[in-house]
Amino acid sequence: MKEKLVLIGNGMAGIRTLEELLKLDEADKYEISVFGAEPHPNYNRILLSPVLAGEKTIDDIILNSREWYAENGITLHTGDKVNEIDRVNRKLKTESGKEVGYDRLLIATGSNPFIIPVPGADLEGVIGFRDIADVETMLSASRSYKRAVVIGGGLLGLEAANGLMKQGMEVKVVHLMDRLMERQLDDPAAELLKCSLEADGMEFLMEAQTAEILGDERVSGVRFANGSEVEADLVVMAVGIRPNMELAQRAGLYCERGIVVNDTMQTYDPRIYAVGECVQHRGICYGLVAPLFEQAKVCANHLAQLGYGRYEGSVTSTKLKVTGIDLFSAGEFIEEEGDETLVLQDQAQGVYKKLLIRDNSIKGAVMVGDTMDGSWYFQLLREGADISSLRSSILFGQHDLGDAGHGDETRVANLSADAEICGCNGVCKGDITNAITSKGLFTVDEVRAHTKASASCGSCTGLVEALLASTVGEGYAAAPSKKAMCGCTELSHDEVIKAIKKEEIKSMRKLFDYLNWKTPDGCASCRPALNYYLLASWPGEYQDDLQSRFINERAHGNIQKDGTYSVVPRMFGGLCTPKDLRAIADVCDKFEVPEMKVTGGQRIDLFGVKKEDLPAMWKDLSEAGFVSGHAYGKAMRTVKTCAGKTWCRFGTQNSTGLGVQLEELTWGSWMPHKYKLAVSGCPRNCAEATIKDFGVVCVDSGYELHIGGNGGIKVRVTDLLCKVDSEEEVLEYCGAFTQLYREEAHYLERTAPWVERVGLDYIKQRILGDEAERKALHERFKLGQEYAQIDPWKARADGAQANEFTPIQLAV
Amino acid sequence: MSEWIEVVELAQIPVLGSRVIKTRDMAIAVFRGSDDRVYAIRDACPHKNGPLSQGIMHGHSVTCPLHNWKIDLTSGEALGPDEGCTNVFPARVEEGRVQLQLEPVEEVA
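Protein chains in written order, with my numbering: chain A, 2 to 813; chain B, 9 to 117.
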């Protein structure tokens, strides 16, 4: 006999909870039914504004069709309001007279628009802005009437006003305060917004207190406290929402401003849960969608009786969904004493950005006109990241967008539908926005899964986030500040790394057991990461798990689109001899290599090699003195060098020789991501050392050490770590920096984003602050190298892992 | 029903790994799960013919090495929002040896 789970409230929070629950095996224990007061299945309430503006239809915003309920065995009762909860007998009574028992109850009754208690508030033509019925009333009014007054200059009011204007009405917005959206914007931002809306034809009555709604049967005007009046055929009250807790209150559940719940989303009656806008959690009632989704996840987990996961509150951000106006606000925006602000204002371009800084971290962000970097600031805010090293350029945004070929297209909302967003997979803006609305997507991961946008190189992630934000507005669920490694766990990379060290976990199985992995074998995303963490933490002890490595690292070559492999022999410092080149040429002839190419890292790439030929080819290369170039791995790739002092008239130090020494030190080491070095002999920097992970620029007086550069997806110039005097020091600092990166960066995080995440100051403190610690890091690096510098090519040429390279021929 | 053909010893396939079996007209990937169950699937991803044998196996699915499509090894179907299907063949272990039934199949995809 299944337990009965009843959901009161057929809206976004409640249904999201059921969706989360259905993802879990334990959902099977429930027979689920849903009661909704509205006649519709679950729809996307956030998108009512675009429906009002005529940009979408009601069908576009349905999230769960009636078929969805049926397919999941959920009984749906629409248009039937629950009137009473009988907690003693665990029964509900509905308006239509139904009586239903429950074992568990979920309340998600949402909120009601607040109607100002003034005379005339009950006249015909006076409404809130909350549901499809309100939108239908407004749309029909716009066909017969001309003048609309919207009371409330907040997010909802402005969206309603914009929609009514789009439907051809003359719209006046009445606002009690002297500033629009005063809970999200400061003066300059609000003023800029007001100007843009006025330019579109919206009128404003500021600091106006509504005293009375005029009219006999239908509204005819509004009178204010100062005695002035305006005419109106339609009045929309959008002054705020109140949690809808009346039903819960009558049932005797403890309520304050909302239904009070704990961190597991339970009310004071443990059989009754509540989520969404109707609840009050740790003193806060949320009116935005993103927190509801976090609540839904936790609530589902407890309904499934899994018993982990707590809701600890959310930091929210706001986006205005008025086509053509980009606005973003998050956190605090009015400075307290001691706070600092960074402001960029360009009146002519209509751009205003302000960041509020306290103790070197962002506490709030307000942006109008250019909101491209809103999600980046919001992320820095939630992480509490130290921004001191970014300070001088932070207002200009995170440059990964511009550098990935998207140029100045910062106003994503203004791009046309056929503008290409994801260059790797050829996904256009229209594909993404259609998927977001038709499939009901809320997170970047969901967009990625459905459209492939940002699923390859990731450089357009910011654009995709911006599209998500402008399409679903405040409902956009920004990635949580603590990001789980993958779907197999709730733990973050940092938590896993810490556990491996603290609990001395030395095998993959033990890790899965100890950290309660949700899948039996992990997945293609977490296994390579875990294998790396274990390998980097326990050199010589952990047994490398080849089946947890991506094929390139398992086969020690780069898989190509036709299933063949490419082979890159290592040439230390890029130096080679005629004998080396002859050996490579002979190998190419013998194995009929169809194409050779000189790589960007000064090596020679041999393409089109059949997998079964690899060991024999490596045998020849190995006998000629070559080792693997690791061009296929999350590993140390190459040390690039310039002509050097021997030949170059500008050369200052023995840069080429130093490059060879660095490569001899670092070759073979596994890394969180690929890792490149370069040594230039003078500041002309022909080896391009300032876009490498670790770069050395020789000068007459010594060696400049540069870190965290990148020439790929997002070009980043290195930061100067320090200057040293001798080659020995270069090697020691290189080993220490490399080891710090190996121990602390997340898998698949290049040094550039890692340095930005932890801050240059931190790295300086670890490498330069304490000589003993630097030496210890370098020693740990060298210890790991004892196990890593065993040439994998020679091992396989000698017969290791033969099965990997040998297909089985069947005579059928 | 076609006959069971012995192809390889189970011990010659790594756990959560695969071997490639070449017949006259196609390549088949034979996978071994962490529970020693075996699966046989045509070695071509329904997306762009990526060699599934080279992917990372987890549970009873494999992630294609070329573009990360996830393929269910029991049905040959793409998982998640991706759509597509490749051939699968009956596979079993008898006394430590892997056997397949290789009925002639028409390509699906």
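Just so you know, even glycine gets a beta-carbon here, dropped at the ideal spot from N, CA and C.
With burial defined as no fewer than 16 other Cβ atoms inside 10 Å of the residue's Cβ, what is the status of residue i: buried or exposed?
{"i": "A/Leu-402", "result": "Since pLDDT at A/Leu-402 reaches only 38, below the 50 mark, its modelled position is unreliable, and the value read off the structure follows with that caveat. Buried."}
{"i": "A/Ala-436", "result": "buried"}
{"i": "A/His-407", "result": "Low local confidence applies: a pLDDT of 42 at A/His-407 is under 50, so the model's placement there is unreliable, with the coordinate-based value given in what follows. So A/His-407 ends up on the buried side."}
{"i": "A/Thr-58", "result": "exposed"}
{"i": "B/Cys-72", "result": "buried"}
{"i": "A/Arg-550", "result": "buried"}
{"i": "A/Lys-484", "result": "exposed"}
{"i": "A/Val-7", "result": "buried"}
{"i": "A/Asn-90", "result": "exposed"}
{"i": "A/Asp-419", "result": "exposed"}
{"i": "B/Ala-117", "result": "Only weak support exists for where B/Ala-117 lies, its pLDDT of 45 falling under 50; the value from the coordinates is given anyway. Exposed, because fewer than 16 other Cβ atoms sit within 10 Å of the Cβ of B/Ala-117."}
{"i": "A/Glu-337", "result": "exposed"}
{"i": "A/Val-813", "result": "exposed"}
{"i": "A/Tyr-255", "result": "exposed"}
Once you ignore the five residues that flank residue i on each side, which residues in its own chain have a CB closer than 6 Å to its CB?
{"i": "A/Asp-409", "result": "Bear in mind that the predicted position of A/Asp-409 carries a pLDDT of just 42, short of 50, making it unreliable; the figure below should be weighed with that in mind. Correct list: empty, nothing qualifies."}
{"i": "A/Thr-647", "result": "none"}
{"i": "A/Arg-650", "result": "none"}
{"i": "A/Ala-366", "result": "Ala-331, Leu-356 and Tyr-378"}
Starting from the Cα of residue i, find the closest Cα among the options and give me that residue.
{"i": "A/Leu-535", "options": "A/Gly-284, A/Val-497, A/Asn-45 and A/Glu-554", "result": "A/Val-497"}
{"i": "B/Gly-88", "options": "A/Asp-446, A/Asn-559 and A/Ser-623", "result": "A/Asp-446"}
{"i": "A/Glu-278", "options": "A/Tyr-742, A/Gln-766, A/Gly-241 and A/Tyr-103", "result": "A/Gly-241"}
{"i": "A/Thr-342", "options": "A/Phe-329, A/Gly-602, A/Ile-501 and A/Ile-358", "result": "A/Ile-358"}
{"i": "A/Lys-1", "options": "A/Pro-754, A/Thr-691, A/Val-731 and A/Phe-397", "result": "No answer is possible for residue 1 of chain A: it lies beyond the span of chain A, which begins at 2 and ends at 813."}
{"i": "A/Asn-302", "options": "A/Leu-547, A/Leu-25, A/Asp-132 and A/Asp-135", "result": "A/Leu-25"}
{"i": "A/Tyr-671", "options": "A/Arg-555, A/Lys-82 and A/Phe-513", "result": "The sequence shown places Trp at residue 671 of chain A, rather than the Tyr named in the question. Nearest option by C-alpha distance: A/Arg-555."}
{"i": "A/Pro-118", "options": "A/Gly-463, A/Gln-210 and A/Tyr-633", "result": "A/Gln-210"}
{"i": "A/Tyr-533", "options": "A/Cys-723, A/Arg-17, A/Leu-77 and A/Pro-673", "result": "A/Pro-673"}
{"i": "A/Leu-442", "options": "A/Ile-152, A/Asp-545, A/Ala-470 and A/Cys-286", "result": "A/Ala-470"}
{"i": "B/Pro-59", "options": "B/Pro-98, B/Gln-109, B/Ser-83 and B/Thr-94", "result": "B/Thr-94"}
{"i": "A/Thr-657", "options": "A/Asn-73, A/Cys-699 and A/Glu-199", "result": "A/Cys-699"}
{"i": "A/Ala-679", "options": "A/Thr-452, A/Arg-797 and A/Leu-663", "result": "A/Leu-663"}
{"i": "B/Asp-44", "options": "B/Pro-22, B/Ile-36, B/Ile-29 and B/Cys-53", "result": "B/Pro-22"}
{"i": "A/Asp-621", "options": "A/Pro-570, A/Arg-88 and A/Cys-643", "result": "A/Pro-570"}
{"i": "A/Thr-520", "options": "A/Cys-487, A/Ala-530 and A/Lys-499", "result": "A/Cys-487"}
{"i": "A/Arg-283", "options": "A/Leu-254, A/Gly-314, A/Leu-156 and A/Leu-307", "result": "A/Gly-314"}
{"i": "A/Leu-328", "options": "A/Leu-53, A/Thr-319 and A/Gly-463", "result": "A/Thr-319"}
{"i": "A/Ala-239", "options": "A/Val-231, A/Val-174, A/Phe-294 and A/Asn-227", "result": "A/Val-174"}
{"i": "A/Ile-116", "options": "A/Ala-200, A/Leu-181, A/Arg-243 and A/Gly-80", "result": "A/Arg-243"}
{"i": "A/Ala-773", "options": "A/Glu-733, A/Arg-758, A/Tyr-353 and A/Asp-799", "result": "A/Glu-733"}
{"i": "A/Val-473", "options": "A/Pro-51, A/Ala-38, A/Val-35 and A/Ala-14", "result": "A/Pro-51"}
{"i": "B/Leu-81", "options": "B/His-75, B/His-68 and B/Gly-92", "result": "B/His-68"}
{"i": "A/Lys-862", "options": "A/Glu-744, A/Ser-112, A/Gly-669 and A/Gly-339", "result": "The shown model of chain A, from 2 to 813, leaves out residue 862 of chain A, and the question about it has no answer."}
Could you give the C-beta distance for residue i and residue j, rounded to a whole number, given that I count them as a contact under 8 Å?
{"i": "A/Leu-22", "j": "A/Ala-305", "result": "6 Å"}
{"i": "A/Gly-121", "j": "A/Ile-62", "result": "Incorrect: roughly 32 Å between the Cβ atoms, too far for contact."}
{"i": "A/Ile-422", "j": "A/Ala-454", "result": "6 Å"}
{"i": "A/Gln-296", "j": "A/Val-316", "result": "The Cβ separation is near 14 Å, so there is no contact."}
{"i": "A/Glu-171", "j": "A/Ala-149", "result": "7 Å"}
{"i": "A/Met-572", "j": "A/Asp-581", "result": "7 Å"}
{"i": "B/Val-16", "j": "B/Val-38", "result": "7 Å"}
Leaving out five residues on either side along the sequence, give the residues of the same chain with a beta carbon under 7 Å from the beta carbon of residue i.
{"i": "A/Lys-3", "result": "Lys-30, Tyr-31 and Glu-32"}
{"i": "A/Ala-405", "result": "Low per-residue confidence applies at A/Ala-405: pLDDT is 41, beneath 50, and the placement is therefore not dependable, though the value from the model is reported in the following sentence. Closer than 7 Å at the Cβ level, and outside the excluded window around A/Ala-405, lie Ser-460, Cys-461, Ile-714 and Lys-715."}
{"i": "A/Arg-638", "result": "Gly-602, His-631, Ala-632, Lys-675, Tyr-676 and Lys-677"}
{"i": "A/Glu-542", "result": "Lys-507"}
{"i": "A/Met-266", "result": "Tyr-274, Ala-275, Val-276, Gln-296, Val-299, Cys-300, His-303 and Tyr-312"}
Which residues in the same chain as residue i place their Cβ atom closer than 8 Å to its Cβ, once the five residues preceding and following it in sequence are excluded?
{"i": "A/Ser-389", "result": "Asn-361, Gly-760 and Asp-762"}
{"i": "A/Gln-740", "result": "Leu-778, His-779, Arg-781, Phe-782 and Gly-785"}
{"i": "A/Cys-524", "result": "Cys-487, Gly-488 and Cys-489"}
- Task: Please list the residues of the segment 191-223 of chain A that have a C-beta atom closer than 8 Å to any C-beta atom in chain B, keeping them in chain order.
- Result: none
- Message: Please list, in chain order, the residues of the segment 441-471 of chain A that have any C-beta partner in chain B closer than 7 Å.
- Response: If the cut-off is 7 Å between Cβ atoms, the segment 441-471 of chain A has Ala-450 and His-451 near chain B.
- Task: Scan the segment 573-588 of chain A for residues whose Cβ lies nearer than 9 Å to a Cβ of chain B and list them as they occur along the chain.
- Result: none
- Query: Closer than 7 Å, Cβ to any Cβ of chain B: which residues of the segment 425-441 of chain A, in chain order?
  - Reply: If the cut-off is 7 Å between Cβ atoms, the segment 425-441 of chain A has nothing near chain B.
- Between the segment 536-558 of chain A and chain B, which residues of the former have a C-beta closer than 9 Å to a C-beta of the latter? Here the close residues are Asp-546, Leu-547, Gln-548, Ser-549, Arg-550, Phe-551, Ile-552, Asn-553, Arg-555 and Ala-556.
- Task: Identify each residue in the segment 506-525 of chain A for which the Cβ-Cβ distance to at least one residue of chain B is less than 8 Å, and report them in chain order.
- Result: Thr-520, Pro-521, Asp-522, Gly-523, Cys-524 and Ala-525
- Task: Report the residues of the segment 789-811 of chain A with a CB closer than 7 Å to any CB of chain B, ordered along the chain.
- Result: Near chain B, meaning a CB-to-CB distance below 7 Å, the residues of the segment 789-811 of chain A are Asn-804, Pro-808, Ile-809, Gln-810 and Leu-811.
- Against chain B: residues of the segment 618-645 of chain A by CB proximity under 8 Å: Residues of the segment 618-645 of chain A with a C-beta atom less than 8 Å from some C-beta of chain B do not occur.
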